[in-house]
Amino acid sequence: MTKQIAIIGGGPAGLMAAEVLSAAGHAVTVYEAMPTFGRKFMLAGKSGLNITHSEDFSSFAERFGTASARLRPALDAFTPGDVQAWAAGLGTETFVGTSGRVFPKVMKASPLLRAWLRRLEAQGVTLKTRHRWVGFAGNGYRFETPEGPITGQLDAALLALGGASWPRLGSDAAWVPWLRDKGVEVADLQPANCGFDVAWSEAFRERFAGEPLKSVSTTSDAGTFQGEFVASGHGIEGSLVYAHSAALRNRLLAQGQATLAVDLAPGRTMERLVRDLARQDAKASFSNRLRKGAGLEGVKAVLLRELVPDANRMAPGELAERIKALNIPVVRPRPIAEAISSAGGIAWSDLDQNYMLKPLPGLFAAGEMLDWEAPTGGYLLTACLATGRAAARGVEAWLRSQ
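For the sequence shown, the UniProt record's numbering assigns the number 1 to the initial residue and increments by one for each residue that follows.
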């Protein structure tokens, strides 16, 4: 007998689950609250969809922090190479960029999503937009639809509603209290891959908001990374900051304060920097001494003065130490609505090995609803696809056992 399965949420995790379950012959309906599917997926694709990453898989699989071990079976079953092959099967050829990130050759998401939805419809999946899940009704699931409220009685359901970042695209975390009311443990959702507020002076903010700090090295508990970031009106933003976001956020939570250490001259050793600074004419302006002795000018030089007001009076050795490790004190993460992704979610202890919620037999979850986070670079999307597949396999296993 054909089983009736609902996928609630039409992002990558939900659509992947629908693909697997419909291919196995089940009757699958995908309920999406928004007018179209994959809105966050489409937004990510506007600047060139970063679909996965080409680094060594053993390293790739460790990018998910404390959840890496728990995610490993799902990632083993759907590796970055499998993601590329899957995309190729939908007519989207990919290439590896200089950073190791993998992109579609067309550098956008829309052709892949259109082909994916066509495949799902060909496999018999019913796709419903403007159908918003609004909680439980006894053993059923309530939806608000353009035709009015409905309640579905299902053989199984899979939640793929995302976290709490970019809520205007659909991931508004309205599901958190509904699951908690049913006894499911949900860790508080927090911003991930986000910028941070910094208490800039008004003069610095007015003059340098939006300026990139290029060719720098940054260090936190997460490690040391090179690249660039932006001094924003609020604080600091950009991919180099996002690489440290989990470490900075966690230190703020634990200690109430955190700093990002910036090496403004990563191409110069400490010894060379001290020597070059010592050679400068003491009567020259501080700006000239920085430019000639350390190669610092523009926003880098002003940032040093912003954070070390007495830098112009320092001896070469002390000044070089500050240039090589300039501490930017961060105040708080930017709001979760601005973050690329979110941390927190359904606790792994309340999921069985098949991604079923232990307090709610027959209900499964995948994607960003779960308590994991990852850096940008294709890791987020790959894990969403992999957990969608794993949860779908879990649904199949549970239905066979009934």
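Think of the CB as a built atom: it goes at the ideal place given N, C-alpha and C, for glycine as much as any other residue.
*Counting Cβ pairs, one atom from each stretch, are 3 or more of them under 8 Å apart for the region 328-348 and the region 359-373?*
yes
*Let me know the beta strand (DSSP E) ranges lying completely inside the UniProt domain "RsdA/BaiN/AoA(So)-like insert" (190-341), each 3 residues or longer, listed in chain order.*
211-220, 223-231, 235-237, 258-263 and 326-330
*Taking C-alpha atoms, which residue in Arg180, Gly293, Asn288 and Ala261 lies nearest to Arg272?*
Residue numbering aside, residue 272 sits at position 272 when the sequence shown is read from its first letter. Checked all of Arg180, Gly293, Asn288 and Ala261; the closest Cα to Arg272 is Gly293.
*Excluding sequence positions up to five away, which residues of its chain have a Cβ less than 6 Å from the Cβ of Phe204?*
Residue numbering aside, residue 204 sits at position 204 when the sequence shown is read from its first letter. Correct list, in chain order: Glu306.
*Would the beta-carbon of Leu304 fall within 8 Å of that of Glu297?*
Here residue 304 corresponds to residue number 304 of the sequence shown, with the count starting at 1. Here residue 297 corresponds to residue number 297 of the sequence shown, with the count starting at 1. No.
*From what residue to what residue does the beta strand (DSSP E) around Glu144 run?*
Looking up residue 144 in the sequence shown gives position 144. Here the beta strand (DSSP E) through Glu144 covers Gly140 to Glu144.
*Report all residues from its chain with a CB closer than 8 Å to the CB of Ile236; omit the five preceding and five following residues, and keep chain order.*
Translated into positions along the sequence shown, residue 236 becomes position 236. Leaving aside the five residues that flank Ile236 on each side, the residues in its chain whose CB is nearer than 8 Å to its CB run, in chain order, Gly195, Phe196, Val198, Phe229, Val230, Leu260, Ile328 and Val330.
*Per the contact definition of three or more C-beta pairs closer than 8 Å, is the region 353-366 in contact with the region 382-399?*
yes
*Could you please give the first and the last residue of the uninterrupted beta strand (DSSP E) stretch that includes Ala365?*
Position 365 of the sequence shown, counted from the first residue, corresponds to residue 365. Here the beta strand (DSSP E) through Ala365 covers Leu363 to Ala365.
*Roughly how far, in whole angstroms, is the beta-carbon of Ala156 from the beta-carbon of Leu357, given that I think they are within contact range, below 8 Å?*
Your numbering for residue 156 matches position 156 in the sequence shown. Your numbering for residue 357 matches position 357 in the sequence shown. With a Cβ gap of about 11 Å, Ala156 and Leu357 do not count as contacting.
*asked:* Quick check on DSSP: helix, strand or coil for Arg101?
replied: Locating residue 101 in the sequence shown gives position 101, where the first residue counts as 1. Here Arg101 sits in strand by DSSP.
*State the DSSP-derived secondary structure class of Gln4, mapped to helix, strand or coil.*
Here residue 4 corresponds to residue number 4 of the sequence shown, with the count starting at 1. Correct three-state label for Gln4: strand.
*So which of Gly388, Ile323 and Pro333 has the shortest CA-CA distance to Asn354?*
As a first step, residue 354 must be located in the sequence shown, where it is residue number 354. Of Gly388, Ile323 and Pro333, the residue nearest in Cα terms is Gly388.
*Keeping to the same chain, check which residues put their C-beta closer than 7 Å to that of Leu23; ignore five residues upstream and five downstream.*
Translated into the one-based positions of the sequence shown, residue 23 becomes position 23. It is Ala, not Leu, that sits at residue 23 in the sequence shown. Only Gln123 meet the Cβ criterion.
*Supposed contact pair Gly10 and Gly163 - C-beta distance, whole angstroms, cut 8 Å*: For the purposes of this step, residue 163 is taken as the residue at position 163 of the sequence shown. For the purposes of this step, residue 10 is taken as the residue at position 10 of the sequence shown. The pair is not a contact, with the Cβ atoms about 15 Å apart (cut-off 8 Å).
*Leu15 to Arg114, Cα distance in whole Å?*
If you number the sequence shown from 1, residue 15 lands on position 15. If you number the sequence shown from 1, residue 114 lands on position 114. Going by the C-alpha atoms only, they are around 12 Å apart.
*From which residue to which residue does the alpha helix (DSSP H) around Trp178 run?*
Stepping through the sequence shown from its first residue, residue 178 is reached at position 178. Residues Trp175 to Asp181.
*Mind checking which residues open and close the alpha helix (DSSP H) that includes Thr79?*
For the purposes of this step, residue 79 is identified with residue 79 of the sequence shown, where counting begins at 1. Taken as a continuous stretch (DSSP letters only), Thr79 belongs to no alpha helix (DSSP H), as it is neither H nor E.
_Test item: CB-CB of Lys108 and Leu158 under 8 Å_ = Working through the sequence shown from its first residue, we reach residue 108 at position 108. Working through the sequence shown from its first residue, we reach residue 158 at position 158. Not a contact, by the Cβ cut-off of 8 Å.
*Hey, how far is the Cα of Gln280 from the Cα of Asn193?*
As a working mapping, residue 280 is identified with position 280 in the sequence shown. As a working mapping, residue 193 is identified with position 193 in the sequence shown. Each residue's Cα considered, the two are about 41 Å apart.
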